[in-house]
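Q: After the structure tokens below, expect a handful of questions from me.
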Amino acid sequence: MAYVRSVWIESDSSEFAWAIDAVCEWSKARDKRAQEVMLAFAALLHEPSLRCRIESLRHDAEQGKLGSLGSLLPSGEDSKKEQSRGEVDERHVPDYGYGRPLTLGERKSMARRPSRRQLDRLLADPHPSVILNLLNNSITTEDDVVRLAAKRPLRHEIMKEIARHPKWNVRRRVRLALVLNPGCPPELGIPLVELALRSELRTVMERTEIHPDIRRAALARLGEGRSDAHGDGSKKS
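Just add 1470 to the spot in the sequence shown (first one is 1) and you have our numbering.
So, in structure tokens, the structure goes:
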């Protein structure tokens, strides 16, 4: 992800837009290296520090009629919604069994080295910083992250922490759990759909509660009629 970020920052926006559009096409054809780049790029789309560059890419995609790139980028309205989201409601913090509410600092510290019992409660914490520490520690398992990604309701900020985490965004089960969450926003779900196997796309199409834009993206991918290089199987990427 760091390499893709550096190339993006150092490149002319228009040239980068054309390059990423081409990579997206190769990724759809199951080119492994292209998919690795797309994973990193999809994660970077949720970096607040890159909002201005994302706006520039959106403009370049519209001007150049770069459909593959344009379908991945959040709309201007989506970006405004993200900036206007309120702070975490501390009333939704779980009871950690200490007889008093724990501070954010205490919860973040606990998330770095939790016991199994503490981890189960931390998974219900609404603060993205707590969840990030949970995703970073060595105790959290893939099953834990899948359970977290499938939680309803789940804050968009937490979904995005999962989607851009380099340890977990390479796990197909985690990506699919995010996409299948009815609360998953299109700007997060559509880039993940581009990386899905055909069997996963069919699962997305079966879930009518998913955002219609995400289902349309899955239908479009299925309609391309491309075969999976890895078969329709269950190998993790």
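C-beta atoms are modelled at their ideal positions from N, C-alpha and C, and glycine is treated no differently.
With a threshold of 16 other CB atoms inside 10 Å of the CB of ILE1684, please say whether the residue is buried or exposed.
A: Buried, by the Cβ-count rule.
Q: Buried or exposed: which applies to GLN1553, given that a residue is buried once 16 or more other Cβ atoms fall within 10 Å of its Cβ?
A: Model confidence at GLN1553 stands at a pLDDT of 47, short of 50, so the residue's coordinates are unreliable; what they give is reported in the following sentence. By the 10 Å Cβ count, GLN1553 comes out exposed.
Q: Within 7 Å (strictly less), CB to CB, does LEU1589 reach chain B?
A: No chain B is present in this structure, which holds just one protein chain.
Q: Looking at C-alpha atoms only, which residue of PHE1511, GLU1670 and ARG1570 is the closest neighbour of ILE1490?
A: The candidate whose alpha carbon is nearest that of ILE1490 is PHE1511.
Q: In the stretch 1626-1706, which residue ranges form an unbroken alpha helix (DSSP H) of at least 4 residues, counting only runs that do not cross its ends?
A: Counting only runs of 4 or more, we get 1626-1633, 1642-1650, 1656-1663, 1668-1676 and 1682-1693.
Q: By the 10 Å Cβ neighbour count, where 16 or more other Cβ atoms means buried, how is THR1611 classified, buried or exposed?
A: The residue is exposed, with fewer than 16 neighbouring Cβ atoms inside 10 Å.
Q: Please give the ranges of any alpha helix (DSSP H) in the stretch 1542-1615, keeping only runs that are unbroken, at least 4 residues long and fully inside the region.
A: For the stretch 1542-1615, whole alpha helix (DSSP H) runs of length 4 or above, ordered along the chain, are 1546-1553, 1574-1582, 1586-1592 and 1598-1606.
Q: Relative to the alpha-carbon of GLY1693, which residue among LYS1498, ALA1487 and HIS1597 has its alpha-carbon at the smallest distance?
A: Ranking LYS1498, ALA1487 and HIS1597 by Cα distance to GLY1693 puts LYS1498 first.
Q: With H, G and I counted as helix, E and B as strand and the rest as coil, what does DSSP make of PRO1518?
A: In the structure shown, PRO1518 sits in a helix (DSSP, three-state: H, G or I).
Q: Buried or exposed: which applies to ARG1587, given that a residue is buried once 16 or more other Cβ atoms fall within 10 Å of its Cβ?
A: Under this definition ARG1587 is an exposed residue.
Q: Could you give the first and the last residue of the continuous alpha helix (DSSP H) run that contains ARG1475?
A: Taken as a continuous stretch (DSSP letters only), the alpha helix (DSSP H) holding ARG1475 covers 1472-1480.
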